[in-house]
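There are 4 protein chains.
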Amino acid sequence: MSLSVAVSGASGYAGGELLRLLASHPLVKVGAITAHSNAGERLGALQPHLHALADRVLEETSAETLGGHDVVFLALPHGASAGLAAELSPDTLVIDAGADHRLEDPAAWEAFYGSAHAGTWPYGLPELPGHREALRGARRIAVPGCYPTSALLALVPGFAAGLLEPEDVVIVSASGTSGAGKAAKAHLLGSEVMGGMSPYGVGGSHRHTPEIEQGLSAAAGEAVRISFTPTLAPMARGILTTATARVRPGTPAEELRDAWASAYGAEPFVRLLPEGQWPATKAVLGSNYANLQLAFDAHAGRVIVSCVIDNLTKGTAGGAVQSMNIALGLDETAGLTLQGTAP
Amino acid sequence: MSLSVAVSGASGYAGGELLRLLASHPLVKVGAITAHSNAGERLGALQPHLHALADRVLEETSAETLGGHDVVFLALPHGASAGLAAELSPDTLVIDAGADHRLEDPAAWEAFYGSAHAGTWPYGLPELPGHREALRGARRIAVPGCYPTSALLALVPGFAAGLLEPEDVVIVSASGTSGAGKAAKAHLLGSEVMGGMSPYGVGGSHRHTPEIEQGLSAAAGEAVRISFTPTLAPMARGILTTATARVRPGTPAEELRDAWASAYGAEPFVRLLPEGQWPATKAVLGSNYANLQLAFDAHAGRVIVSCVIDNLTKGTAGGAVQSMNIALGLDETAGLTLQGTAP
Amino acid sequence: MSLSVAVSGASGYAGGELLRLLASHPLVKVGAITAHSNAGERLGALQPHLHALADRVLEETSAETLGGHDVVFLALPHGASAGLAAELSPDTLVIDAGADHRLEDPAAWEAFYGSAHAGTWPYGLPELPGHREALRGARRIAVPGCYPTSALLALVPGFAAGLLEPEDVVIVSASGTSGAGKAAKAHLLGSEVMGGMSPYGVGGSHRHTPEIEQGLSAAAGEAVRISFTPTLAPMARGILTTATARVRPGTPAEELRDAWASAYGAEPFVRLLPEGQWPATKAVLGSNYANLQLAFDAHAGRVIVSCVIDNLTKGTAGGAVQSMNIALGLDETAGLTLQGTAP
Amino acid sequence: MSLSVAVSGASGYAGGELLRLLASHPLVKVGAITAHSNAGERLGALQPHLHALADRVLEETSAETLGGHDVVFLALPHGASAGLAAELSPDTLVIDAGADHRLEDPAAWEAFYGSAHAGTWPYGLPELPGHREALRGARRIAVPGCYPTSALLALVPGFAAGLLEPEDVVIVSASGTSGAGKAAKAHLLGSEVMGGMSPYGVGGSHRHTPEIEQGLSAAAGEAVRISFTPTLAPMARGILTTATARVRPGTPAEELRDAWASAYGAEPFVRLLPEGQWPATKAVLGSNYANLQLAFDAHAGRVIVSCVIDNLTKGTAGGAVQSMNIALGLDETAGLTLQGTAP
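Chains as they are written, first to last, in the UniProt record's numbering: chain A, 1 to 343; chain B, 1 to 343; chain C, 1 to 343; chain D, 1 to 343.
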């Protein structure tokens, strides 16, 4: 068996990471590789780390070049995927790495993205309750944002188990710069980012805020409100999310830990680390793993969960491939057996 | 006028930073430079960036070598300063960069440090209400911890103005690795820390937790409880603190901002940035400045304050020199006019 | 088919990289994982990126634990492998990632390593003339040093083709810090290495100097003398080697390029990049590829070759696995199809 | 005494570094601060590390805004300074941080820069033989390039003493990314440069090549030909230059060392380190120092010199201020007493 798979947005970081994973996927044959302004160029000039595909030439992103594949990955600016997907066969599995089809609430979409809502697709985070089932057989999938992937994996077990209070949830994430994309911007120059950290999108204005609240509220069965602050760290890849919530009074510490342990005990890519070991982003770099650890701070009455992922792998392309595997009934781990690249 | 100043612990990062600043201080003559295991070595071999003092030889740390100076800086492991200070003249200004004399509550000291409390000295963070006055004429000063410096500067104005609630205060800090000192440890190797982030001391166990609570509680006039999570960032210097607290219902956004603006309007080293500009650690590297910005997240009902300092300068040696200047009635900014080193 | 493979030195960087590659090798079953001072610990605590092997426990390194496998990788301090190898069956493939069996000249060994020469094993750099053949069926293999791998790949084609002069060969390499190992040393702390570069082993004193000269001289058919300067770069992995030699007068530029193009045209892991594209270490990170480019500087009469590898992969563990594949008659690329991890 | 000093190009890295130094210069009053596309903006928004000048507003770069100062620093793209300088009074000290007036040979200028030669100004590297004298009283000064500063400091003493041969000189430099400027370019994004190294301008094509040859040839009294390869290192600041040349046969090792020791023994900013200590870029970061060390490789018959500078300080703005001090008869070290910022 060999699936034909097309990747659009192949000159960017998400597209490059999709190709990195797909190049080693045992059941995949990489078909069209497309881009916009870089169409006509060799992939090897744009993504020199993709040795196996170096001589492939990028085609123009269009329904024609993407059509006729079993699977199409869209790694496009938001707003671009709905129209393109509509032109592709409903039998084609279309996986959108962009934001367009993640939010269920049109008002939230419009408030944060300023355009008309394009509808909601099944959400490619199979570790959330009920999500794996919803992905089976799906032909349209929305890949979660990188921050929401880490934040939801961090807190959903506690909310799903009814152990956390829905107010005063605080999430602070540090992300590598690849999350900001490959477009040339002066504040993202190496000279600016090396050796320093800075926050951005503070005060609830980051677009991933409603996406995180959507996932937590669904798990909690009530509206959860968060304070989310993203920060930019001097590293190319990786997210460290520190998530903390007030624990319902009277909850025993062991019950807290059990909630996470039982939620993830059978998951192939999410690991609650042994007690005493704290996660480090380097341990998951280039891999589809999420590592977590939690502590109960009895003095403050809060649980603190640390979750690390690679923003481009589990946070984007790896989650997308994992979702593809589930949708098509393949081994969920196919093409995703890479260990972390450390040190 | 020329003060004779001795620095102990000169082979470490705090000692080196003290010497870097003192070497350019217009009113200071650097006297004894002392260390423990490195006594007898050239400073230039241990701290090659201190060109002006390269040929000085380190002496043994003792009351004899440190005695007879106007000012003595102690940059020693905790537990070592009380005994040494007792041997120095009460007229000598002794400034302890270690933790021994920061905490007022002996129980908190014993719980977090596991030894007998050595007593409390005036706390060298002059920007806190009443602290500058307490430092004037002091002959014993405790330099604040680096995390507490950033956290207290971030939140004290809101608590002092009565605008913040004392529960569910959450502080997440990212620190450069120099905060962990110069002792060789495998988990602090460049290979381990470059390109990644990790948390540590999670769940309220970090020793700076009671120090932060002490300062916030004093400002609030009631007990403040915090959740504090430090993380290690891939940079040598700098702290980015994200501090967030619930705003008392009904507080207007402008009143919030006014609290910080009026607290720091006349401060020489703490700057509330113009609205829209977020702080970056690189802007304060090597300088004694703290830059802040805040946002009111009405949806979450919380204020989020970002504060950046250089952990070795404002967070340790710069704050120490600033305190020295105040204690001795010098210009508070003497020797501290360095701009940030960027990019 | 499934080979049983043991890895010693599994708590270090070379051992960890071997396990990272072997964990994904389709024909390998990882057997004993051994260490010295870390014996008895979980691999997951020491190498948290090796998710697939996290629960394996390290055994003591000995002929007993390593015996009975088809292949044994030794990643030990130099001096330790000869004795251990002598206790293993001559039918076992023993691959030494250390230096002990690389040098042919006992005098060079003794001058640079200060101990008795342990003998020479086939040298695991199959891209050198005649080396692939020598590895077929071998049961003892010496893995080249990381600097020699990059320097020999850079210059051997020119010497083998008789185009370069044997004097005034200059090689300057920048290496990531993992090349210095995982032992805790103060000068390798993240605080010391981040944001800076420094040379070491200058003036011909680095132990890889005779190893590079050995390989170049064999290719040239005459004694080649080099000036080799290694430098430490603020990155965890990767080597950029700049190698330059005087071109024999009258050599046409195209003949120069042809020498490299024909040497590597059929190689699976060494790529001469298209003209105009210069290699970057990030394009090969975590992969077994070596990327090269060359320029003829007519004004200076010299060729300059840039070669990048990952010091831990092609420079150590990847080269070792490639050699194993050749020795055992497997597909040379088995287990080595990883692309680079970028950005 | 207080000199009025104007700085153009103030939004870039060279302009920012000039202002960082001038803000602490005891004899300087910063006058007009000018830029092109950023005119009208607050300096604090563009160079947030320059706290002392944060509220200054950038003016348009023109002869009008720059006129009427004692000193004008030009930090402009090449080609822009000659016209502007012609409009400024011949009594004004004009210091050009750009390339326009460095090269003496019009043919070399035209070959490497592709435009008409603008003439030659005194070259602001006072440590070269005769240069300090030429700078005294000068009113037009060309600041050397950053690579030439490090390469000339590394090799000139040997050539001036007649100890080195003029062929097969090889220079390999690793530079921080600030040398490439602040313009947004995708290949300079943090995601691209962090964690990796790459060469550029290989084969003698970099524009600093003729500038280095000019300086070496003048010192040697004969034409020196070099192979120069610049590489980009993952750090914001700093240059490590490895320079190597063939030693004339029969030269004793001590004579070699003496050449450098006597050349720099009285220099305030260039230090030949004690034997056994190798230079590190971090020791000079933010300072005007150049640190050097050399080794004689008898086997290869070559001397290897390692030289480190901060490309923005000694390599640009610091050298410019030092030249200003000399030209105006001030203390040469005024405003340049900053130590390195380490760790």
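Idealized CB from N, CA, C, for every residue including glycine.
Query                                                                                                                                                                            : Result
The region 293 to 318 of chain A: positions lying closer than 7 Å to chain B by Cβ                                                                                               : Ala295, Phe296, Asp297, His299, Ala300, Arg302, Ile304 and Ser306
Cβ-based burial, glycine 276 of chain B [other Cβ within 10 Å; buried from 16]                                                                                                   : exposed
Contact list for alanine 233 of chain D against chain C, beta-carbon separation under 8 Å                                                                                        : Ala174, Met197, Ala233 and Pro234
Given leucine 103 of chain D as reference, the closest of D:Asp331, D:Glu60, D:Pro122 and D:Gly67 once Cα atoms are compared                                                     : D:Pro122
Cut-off 8 Å between Cβ atoms - residues of its own chain near glycine 335 of chain C, not counting five sequence neighbours on either side                                       : Leu21, Leu22, Ser24, His25, Pro26, Leu27, Val28, Val321 and Asn325
Given histidine 78 of chain B as reference, the closest of B:Thr244, B:Gly98 and B:Leu155 once Cα atoms are compared                                                             : B:Gly98
Opening and closing residue of the beta strand (DSSP E) in which residue 362 of chain C lies                                                                                     : Residue 362 of chain C is absent from the structure shown; chain C starts at 1 and stops at 343.
Alpha carbon of arginine 237 of chain D to alpha carbon of cysteine 307 of chain D, nearest angstrom                                                                             : 14 Å
Interface flag, leucine 273 of chain B vs chain D, CB-CB below 9 Å                                                                                                               : yes
Spatial neighbours of proline 166 of chain B in its chain, beta-carbon cut-off 7 Å, leaving aside the 5 residues before and after                                                : Ala220, Glu222, Ala223, Val224 and Arg225
Sub-9 Å separation of histidine 69 of chain D and valine 5 of chain D beta-carbons                                                                                               : yes
Contacts that residue 392 of chain C makes with chain D (C-beta to C-beta distance below 9 Å)                                                                                    : This structure cannot settle anything about residue 392 of chain C, because the visible part of chain C is limited to 1 through 343.
Every unbroken alpha helix (DSSP H) inside the region 304 to 334 of chain B [4 residues or more]                                                                                 : 318 to 327
Nearest residue (CA-CA) to phenylalanine 269 of chain B, options B:Ala283, B:Glu211, B:Tyr289 and B:Lys282                                                                       : B:Tyr289
Aspartate 55 of chain B - DSSP class collapsed to helix/strand/coil                                                                                                              : coil
Those runs of the beta strand (DSSP E) which lie wholly inside the region 206 to 283 of chain B and span at least 3 residues                                                     : 226 to 232, 239 to 246 and 270 to 272
Element boundaries [beta strand (DSSP E), containing alanine 6 of chain C]                                                                                                       : 3 to 7
Threonine 316 of chain C beta carbon less than 9 Å from that of alanine 85 of chain C                                                                                            : no
Span of the alpha helix (DSSP H), counted from its first residue to its last, around glycine 31 of chain D                                                                       : No alpha helix (DSSP H) contains glycine 31 of chain D, which is instead part of the beta strand (DSSP E) from 28 to 35.
Contacting positions in the region 196 to 224 of chain B - beta carbon closer than 7 Å to chain A                                                                                : Gly196, Met197, Ser198, Pro199, Tyr200, Val202, Gly203 and Gly204
Cβ-Cβ distance between threonine 65 of chain A and leucine 189 of chain D below 9 Å                                                                                              : no
Contact set between the UniProt domain "Semialdehyde dehydrogenase NAD-binding" (4 to 136) of chain C and chain A, restricted to residues whose Cβ is under 7 Å from the partner : Tyr13, Arg20, Ala23, Ser24, Ala45, Pro48, His49, Leu50, His51 and Ala52
Sufficient close CB pairs (3 or more, under 8 Å) joining the region 290 to 298 of chain A to the region 197 to 212 of chain B                                                    : yes
Where proline 129 of chain A falls, given that 16 or more other Cβ within 10 Å makes a residue buried                                                                            : exposed
Cβ neighbours of threonine 92 of chain C in the same chain (closer than 8 Å, five flanking residues each side left out)                                                          : Gly67, His69, Asp70, Val71, Val72 and Arg139
Reference proline 279 of chain A, options A:Ser287, A:Leu285, A:Gly286 and A:Asn291, closest by Cα                                                                               : A:Asn291
Residue-chain proximity (serine 150 of chain D, chain C), Cβ-Cβ < 9 Å                                                                                                            : no
Residue-level contact to chain C via CB, valine 169 of chain A, 9 Å cutoff                                                                                                       : no
Whole-angstrom distance between proline 48 of chain D and methionine 194 of chain A, CA atom to CA atom                                                                          : 16 Å
DSSP state of arginine 136 of chain A mapped onto helix, strand, coil                                                                                                            : coil
CA-to-CA distance, cysteine 146 of chain C to tryptophan 109 of chain A, given in whole angstroms                                                                                : 52 Å
Buried or exposed (CB count within 10 angstroms, at least 16 for buried), alanine 107 of chain B                                                                                 : exposed
Closest by C-alpha distance to residue 411 of chain D, when choosing among C:Leu125, C:Met197 and C:Ala82                                                                        : Past the boundaries of the shown model lies residue 411 of chain D; chain D is included only from 1 to 343, so the question cannot be answered.
For valine 170 of chain D, the three-state DSSP class (helix, strand or coil)                                                                                                    : strand
7 Å Cβ shell around glutamate 60 of chain B - same chain, five flanking residues per side excluded                                                                               : Thr34 and Ala39
Chain B within 9 Å of alanine 342 of chain D, Cβ atoms only                                                                                                                      : yes
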